[in-house]
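Residue numbers (the numbering used here): 882 to 1705.
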């Protein structure tokens, strides 16, 4: 029956196009008369009919169509209906100035397996609606199981679903929209069809309290589950404006778009905080595949802009603003056409997002892609596969990709492969975040690359690296603790300005005093130790939050690169190979193109002044950073801090055996609570993020949790998602604001104390803190926690009189406090 129904629908559409039906069935017809149609007129009290076709029945103000024919409706009725009876086909319903409302059901209904073409006559204005008292399963226009409805014409139809849906197709139903101006206002879904929904043209304007456009079979019906409907949406043209409280377009099956002009707003747009963690407020969403091969899109969504199991964008112009991921694929995300050399099609401009492009595998073949992301620009991850999987990969073979990311620019939990195209990538310049970050192998074999962070580990095309890069090779990256082995930009601690071995900020790590809290920091600075880049105390949080916004704190670039700096790469003859304008601090520069030749020397200039030279090389697992210019912080030959050197506790060159934190680092490393920030560095003076500590406590607990979160800035694919979900559900962590967690914000000493205190069950104990002169700085929520940690010897003062609750906790301090906590 389903095959027969679809064949009849196709024949009907063809007949309309070819003019095989009566001329009255065509939207361009200038007149409908009793000789070529049946004219039916509504009033509030009666219905009159006259004309060629007699296949109708009238009962009060309810009209039933019982046979094929062309029926033209006009008039105004506040409680009437039009129904095409079960199994009736070959019906054309022409609306020619009709206003029809029904008090307890749909204004227009196609019963099971009926087929009809609904045409808005040229120049006509028509409105159909249900009322607030109607059945809650109702719609203004209802297409029952197995029925088929096509909507066309050059007039206007407004459908008002005051109770639930505007236009609704049931199981195995087919709805097609072409040519007409269709306005829908709905309390729930606007234009919905369980089986197949097709839009070929016209102007479609929908405002919906649920999804604007939807194809979603009722598979959960325990009595009669729908196992045959496809749940597909296909759009090839039209001008479509959608405002939805939920998803703009949702297809449980496939969503295929080859043309059209779209303006989609989901739940107010990307600035809206989603209060219901189960809500879906995506722009374009598919349960299976989402394919875009053409069209012009402006999507502003509180949730993902595009989302599906598999996403392919091979054409079109897309401008996307998202409160979460701009384009998200649970499995494969493909941009462009394989083998194409186009740098203009598709054109994707992501103006706001948490993560720009995300999928288990992300492949870019062609196009012009600009990404602005508060977290990762391009991310290869999947929460269901865990932190590491051989399936994760970012593959770039063509196109023009420009990334402005608040965290990692290119972030793969396994491999990165670049064989072509042009990539200019910016990310955070922090201990745990970089423009380029990966956990597996970075293979560079073609294209043009400008960025910073982790160097390539394989490939046939040479590159240069100047500044504080991270070596390639190994596993770990920012997965797990957000900085395992090979952790990302700047993970190898530089030396101080004089060239002696140092740590992340050029100074020795500052201990959290003696056990009794009496040690004064070596540099005598009472306000700026413990890894803070500027030496200034962070602003006091309004609640547990600490630093707001979730973005990592950038360090000061040793290359002097800041926002607006002009970076130039030149060859030995002074020929300019590449010029870029920095979007923020960069402690390294990595560049590769076909002009870079292995073994030759190149110079990097910042605002016209040389900051370093480098000899081009191929990626290997032991690649190290390039040479720095005069007065730059570079590793000294033979020092433990030079890239690739092993030494110190647990193989970390920056953890001397005699350091105060050596035992603590050994403990957290051996117990797999904290990883290094690279294979050879622990970065003891670096900051600890809120997400990292949640992950440590999660590991310590041995519990398991779903990778889900009520916080809008915690993506379900983030390595810390399960940990944050667990810690939040256990009351160990709170948010920092409206539905935000700020995972990348550095944790303060009082926040660390609060999380340990809650993890311990908030035991009742107090301590005398009168010796400390800065107890006024302890936030009310943390006062008991700080007292307990001091009483148990977990937290000590920065000096005999200073507890420093608002200072950022260093990784060394966190390791020490965790070791002391575990010993209780």
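Note that beta-carbon positions come from the ideal geometry of N, C-alpha and C, so glycine has one too.
Determine the extent of the beta strand (DSSP E) in which residue i is found, giving its start and end residues.
i	result
residue 958	950-958
residue 1096	1094-1096
residue 1084	1084-1089
residue 1306	1296-1307
residue 1023	1020-1024
residue 1114	1113-1116
residue 1074	1072-1074
Have a look at residue i and residue j and give me their C-alpha separation to the nearest angstrom.
i	j	result
residue 1427	residue 1157	Residue placement at residue 1427 is flagged as unreliable, the pLDDT there being 33, under the threshold of 50; the coordinate-derived value follows with that caveat. Their Cα atoms are separated by approximately 25 Å.
residue 1686	residue 1631	5 Å
residue 1696	residue 1675	11 Å
residue 983	residue 1123	25 Å
residue 1128	residue 1495	50 Å
residue 1712	residue 1590	The question about residue 1712 has no answer, for the chain in this structure spans 882 to 1705.
residue 928	residue 918	16 Å
residue 1350	residue 1553	25 Å
residue 1337	residue 1343	9 Å
residue 1092	residue 1030	20 Å
residue 1056	residue 1078	5 Å
residue 1046	residue 916	36 Å
residue 1325	residue 1148	41 Å
residue 1083	residue 1592	39 Å
residue 912	residue 1142	32 Å
residue 1585	residue 1610	12 Å
residue 1432	residue 1544	A caution first: residue 1432 carries a pLDDT of 49, below 50, which makes its placement in the model unreliable, though a value can still be read off. If you take the alpha carbons of residue 1432 and residue 1544, they lie about 31 Å apart.
residue 1008	residue 1036	11 Å
residue 1116	residue 1074	14 Å
residue 1042	residue 1088	10 Å
residue 1178	residue 1645	58 Å
residue 1224	residue 1688	47 Å
residue 990	residue 1139	30 Å
Buried or exposed: residue i, going by 16 or more other Cβ atoms within 10 Å of its Cβ?
i	result
residue 1294	buried
residue 1642	exposed
residue 1136	buried
residue 1288	buried
residue 1026	buried
residue 1668	buried
residue 1456	exposed
residue 964	buried
residue 1705	exposed
residue 1539	exposed
residue 1001	buried
residue 1302	buried
residue 1570	buried
residue 1286	buried
residue 1023	buried
residue 1453	exposed
residue 1444	exposed
Taking Cβ positions, are residue i and residue j nearer each other than 8 Å?
i	j	result
residue 1691	residue 1566	yes
residue 1214	residue 1243	yes
residue 1693	residue 1542	yes
residue 1329	residue 1296	no
residue 1327	residue 1284	no
residue 1671	residue 1648	yes
residue 1749	residue 961	In the structure as shown, the chain begins at 882 and stops at 1705. Residue 1749 is therefore absent and cannot be evaluated.
residue 1331	residue 1483	no
residue 1167	residue 1202	no
residue 1497	residue 1480	yes
residue 1059	residue 1014	no
residue 1208	residue 1246	no
residue 1635	residue 1601	no
residue 1561	residue 1533	yes
residue 1231	residue 1194	no
residue 1261	residue 1275	yes
So, is the C-beta of residue i closer than 8 Å to a C-beta in chain D?
i	result
residue 912	Among the chains in the structure shown there is no chain D, since it carries only a single protein chain.
What residue does the alpha helix (DSSP H) around residue i start on, and which one ends it?
i	result
residue 1606	1602-1610
residue 1700	1692-1703
residue 1664	1664-1672
residue 1632	1630-1640
Note to self: So within the segment 1125-1209, which uninterrupted beta strand (DSSP E) runs reach at least 3 residues, ignoring any that extend past its ends?
What the structure shows: Qualifying beta strand (DSSP E) stretches, in chain order: 1130-1132, 1136-1138, 1142-1147, 1165-1167, 1170-1173, 1177-1182, 1187-1189, 1191-1194 and 1198-1203.
Margin query: Going residue by residue through the segment 1527-1570, where are the continuous alpha helix (DSSP H) segments of at least 4 residues, counting only ones entirely within it?
Written below: Counting only runs of 4 or more, we get 1543-1551.
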